[in-house]
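These notes are about the structure you will find just below.
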């Protein structure tokens with residue numbers, strides 16, 4: 001072993017860098033780039049965390065309700081809850097057997113572990129997601145392209161519109177936000193396996209990949225493809241990380257992470273036919289086509305009067321403009337430095353020879369490896385923005401695709417700043433990186449203004465969950481519908497006795513109105529997954545539980561398993577013989593779920609074995625390059641610049657809010673195209689509307705309609721909006737229609753929580769004209785009426801409110817928009 005002298009000198013004039021990594025003296029230094037990213041994460045999520053309440057968006061209402069349900073299931077002893085007992089008016093839902101459970105699992109686990117409210121549990125996972133996004137992006141880009149590149153990429157990623165605008169404030173999509181945090185973390189973990197080949201890195205990579213699979217669908221498939229594509233690209237283009245052993249370990253880590261996540265995807269895939277998605281709208285609404293001008297421009301200014309400002313489809317200028325400039329410079333400069341063919345050959349052959357030299361020699365393998373993310377960013381943008389023949393494609397993955405574009409664009413800027421370094425003078429290197437940060441901070445200022453919201457506590461127990469559902473809030477499914485077992489043909493209306501049990505705290509799921517008066521059925525024990533009853537009957541009797549039947553429910557009478565009979569409404573019923581018996585109905589497993597557990601546990605065991613074996617091997621194999629840690633003065637200077645610039649961007653947005661926001665005055669909607677002041681008798685006004693397109697449409701085209709409503713009195717019931725496009729000369733000829741149980745996604749009774757008259761709700765419709773619509777002129781007719789049906793779905797019939805114009809003249813019970821629609 002090499003020994004150091006009394007003062008730590010090495011013999012024979014050696015220095016620390018000459019030794020293998022495992023023999024070097026430990027270096028204690030401040031990781032300034034990591035400290036900077038932590039500060040940037042605090043800047044990004046801090047205003048959201050310190051403000052009371054949650055933004056009034058459906059995503060956060062869903063997340064809070066699911067935290068309550070998941071917490072109750074975890075407290076009942078379930079390791080992996082698949083059944084939500086209180087959704088669908090208390091009838092239950094197999095939600096987590098169908099959708100990835102990790103976001104709800106984390107919120108529920110946090111709620112149980114620290115006894116937090118549902119609101120604070122959601123906020124905690126939001127903060128975790130933002131910190132994962134920042135630190136993961138830094139570790140990935142820094143480990144491969146240096147600390148400067150990592151700081152630039154992380155800054156752009158954290159303050160992009162898709163993350164800081166949409167995910168935090170506009171849609172509250174917690175699964176997508178968590179996936180945006182896990183993606184760079186998984187890239188960093190897999191890349192560490194590729195380079196370092198350590199056991200601990202394999203374990204982290206497997207956990208990160210499994211977490212991606214368990215977070216958001218169908219985004220998990222796309223992100224797994226992104227990871228696999230990155231490994232395949234590296235194997236093709238080479239580079240300093242091209243080593244067979246590391247590449248195989250990275251692929252094995254990806255495979256093991258996928259197998260660990262089989263606990264979710266295998267039952268979800270095998271049992272997909274046991275559930276039915278019910279759409280909330282009476283007609284399928286087609287999403288608007290994503291336009292180039294919307295995606296590549298700055299997000300529109302925020303109207304602070306809007307209760308539900310629209311989700312932006314912008315990826316931000318920094319995500320596409322900066323990589324375009326950086327990589328254009330790199331490609332042009334590298335082409336300029338490529339030598340010409342001096343032989344006397346035709347011009348075409350000379351050009352071909354020079355191109356081969358450019359690709360093979362001028363661009364190093366590491367620089368060719370860096371082309372993956374810019375190319376992927378361009379490809380994704382083209383896929384998203386070029387019209388697709390599959391109409392519902394953009395409805396399912398548009399936001400997910402924009403999130404991937406944003407991630408690839410941020411990496412492309414960071415790696416571009418490293419790749420172009422050899423083409424610049426050393427003195428200009430730091431100034432160029434500072435200029436990139438300055439441009440990124442400058443275009444961030446308009447998106448840093450937070451929307452205004454009043455403190456309105458979200459659901460915090462099962463009673464609140466059921467209460468919100470009977471008002472039509474879609475918290476137990478997705479934003480466009482709800483989930484039922486296939487045994488239930490439709491969602492029955494809420495049972496009065498069951499709802500009353502939630503309100504009084506004396507919940508009883510036995511359908512007692514179906515029991516003979518001589519039968520006694522007492523609840524001995526009840527939990528999220530089990531019901532135990534003591535039944536006494538003189539004659540055989542059928543006991544019905546107001547719980548949907550679904551694969552996994554089992555019934556026992558006095559310890560012996562008996563079959564479950566499904567009622568026509570989809571509820572669980574059990575045939576109980578005469579006498580005294582104990583009936584136990586519990587939610588358990590199925591063969592597919594047991595197989596999924598076996599596969600996942602086997603993958604965990606293989607991961608542990610592989611990690612232990614790699615850790616026992618010689619530790620002197622590889623280490624991350626010192627430049628990745630970034631402890632030199634240039635990194636410190638860039639770190640200070642990043643903090644000052646983005647802190648200054650927040651200051652500018654706070655001091656001059658008009659940069660990114662404005663406020664509509666009473667009776668005026670500045671973002672609306674057509675003002676239309678109409679008063680309805682129930683305390684709700686229509687203020688303005690939008691209709692697109694302006695010209696004629698053809699059968700099969702989509703018509704976009706936005707209605708702007710406001711509340712004018714504090715005590716309002718829940719109203720429903722019925723909209724139909726009918727013939728101008730024949731109202732019976734209808735070419736499209738829709739019903740909104742809650743206009744804008746908010747129960748109207750909640751609107752007075754915001755300032756009356758000066759706040760408005762945006763109610764959007766994207767409707768497809770039927771294929772057999774005759775040509776001619778069509779009108780948009782709107783009816784508004786009270787819907788108090790204790791149901792998620794729209795009421796079949798409503799009593800329309802009377803409408804009056806600005807002169808208080810009665811216009812009947814219909815609103816006819818002045819703008820006609822022409823079908824050619």
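In the numbering used here, the protein residues as written are 1 to 824. Where a beta carbon is used, it is the ideal one built from N, C-alpha and C, also for glycine. Given the structure is predicted, the values throughout are model-derived calculations rather than measurements.
Residue 585 bridges to which residues according to DSSP?
Under DSSP, residue 585 takes part in a beta bridge, and its partners are 531 and 555.
Hey, residue 414 and residue 152 are a contact pair by Cβ (cut 8 Å); roughly how many whole angstroms apart?
5 Å
Under a three-way DSSP split, which group does residue 547 fall into?
strand
Go to residue 372, then tell me how far its alpha helix (DSSP H) extends in each direction, as first and last residue.
372 to 385
contact_flag[the region 733 to 742, the region 675 to 694] where n(CB pairs < 8 Å) is 3 or more:
no
Identify which residue in 697, 368 and 592 has its Cα closest to the Cα of residue 768.
697
On a CA-only basis, which of 40, 587 and 560 is nearest residue 577? Give me that one, please.
560
Here's the rule: buried if 16 or more other CB atoms are within 10 angstroms of the residue's CB, otherwise exposed. What is residue 671?
buried
Residue 522 versus 373, 598 and 510, residue with shortest Cα-Cα distance:
510
N- and C-terminal bounds of the beta strand (DSSP E) containing residue 156:
Counting along the chain, residue 156 falls outside any beta strand (DSSP E), though it belongs to the alpha helix (DSSP H) covering 147 to 158.
Span of the beta strand (DSSP E) around residue 745:
Premise fails: residue 745 is in no beta strand (DSSP E) and is neither H nor E.
Tell me whether the beta-carbon of residue 443 lies closer than 8 Å to the beta-carbon of residue 317.
yes
What are the boundary residues of the alpha helix (DSSP H) that includes residue 107?
102 to 114
In whole angstroms, what is the alpha-carbon distance linking residue 527 and residue 780?
50 Å
Presumed contact (8 Å Cβ cut-off) between residue 703 and residue 817, rounded CB distance
11 Å between Cβ atoms; not a contact.
State the beta-bridge partners of residue 815 as determined by DSSP.
782
For the alpha helix (DSSP H) that residue 475 lies in, which residues bound it at each end?
Careful: residue 475 lies outside any alpha helix (DSSP H) and carries neither H nor E.
Answer yes if the region 485 to 497 comes into contact with the region 78 to 98, meaning at least three C-beta pairs across the two stretches below 8 Å, and no otherwise.
yes
For residue 623, which of helix, strand or coil comes out of DSSP?
Because the pLDDT at residue 623 is just 44, under 50, the model does not fix this residue reliably, and the value given afterwards should be weighed accordingly. Residue state, collapsed to three classes: coil.
Pairing CB atoms from the region 568 to 575 with CB atoms from the region 586 to 600, are three or more of them under 8 Å?
Flag = no, the region 568 to 575 and the region 586 to 600 do not touch.
I want to know whether the region 671 to 680 touches the region 452 to 468 - three or more CB-CB distances under 8 Å.
Below 8 Å, too few C-beta pairs join the region 671 to 680 and the region 452 to 468 to call them touching: fewer than three.
Answer yes if the region 206 to 226 comes into contact with the region 184 to 195, meaning at least three C-beta pairs across the two stretches below 8 Å, and no otherwise.
yes
Hey, could you find the ends of the alpha helix (DSSP H) residue 646 is sitting in?
633 to 655 is the extent of the alpha helix (DSSP H) around residue 646.
Mind reading off the beta-carbon distance from residue 141 to residue 315? Whole number of angstroms is fine, and I expect it under 8 Å.
Not quite, the Cβ-Cβ distance comes to about 18 Å (not below 8 Å), so this is no contact.
Only counting the same chain, and skipping five residues up and downstream in sequence, which positions put a Cβ closer than 8 Å to that of residue 78?
528 and 529
Taking only the alpha-carbon atoms, compute the straight-line gap between residue 815 and residue 303 and give it to the nearest angstrom.
25 Å
Taking the alpha helix (DSSP H) that residue 258 falls in, what are its first and last residues?
According to the DSSP assignment, residue 258 belongs to the alpha helix (DSSP H) that extends over 244 to 260.
Inter-residue spacing [alpha-carbon to alpha-carbon] between residue 824 and residue 730
Spanning the two alpha carbons is a distance of roughly 17 Å.
Should residue 694 be labelled buried (16 or more other beta-carbon atoms within 10 Å of its own) or exposed?
It is exposed - the Cβ of residue 694 has fewer than 16 other Cβ atoms within 10 Å.
Count the other C-beta atoms from every protein chain shown that fall within 10 angstroms of the C-beta of residue 403, then say buried if there are 16 or more, exposed otherwise.
Around the beta carbon of residue 403, 16 or more other beta carbons lie within 10 angstroms, which makes this residue buried.
Residues near residue 231 by beta carbon distance below 8 Å, same chain, minus five either side:
190, 194, 247, 250, 251 and 254.
For the region 317 to 330 and the region 710 to 717, state whether three or more C-beta atom pairs, one from each stretch, are separated by less than 8 Å.
Because the criterion of three Cβ pairs below 8 Å is not met, the region 317 to 330 and the region 710 to 717 do not touch.
Let me make sure I understand the geometry here. Which of 60, 114 and 785 has the alpha-carbon closest to that of residue 477?
Here the closest residue by C-alpha is 60.
Whole angstroms is fine: what's the gap from residue 607's alpha carbon to residue 128's?
Distance between the alpha carbons of residue 607 and residue 128: 25 Å.
Could you spell out where the alpha helix (DSSP H) holding residue 49 opens and where it closes?
32 to 50
Quick one, are the C-beta atoms of residue 40 and residue 155 less than 8 Å apart?
Contact flag set, yes.
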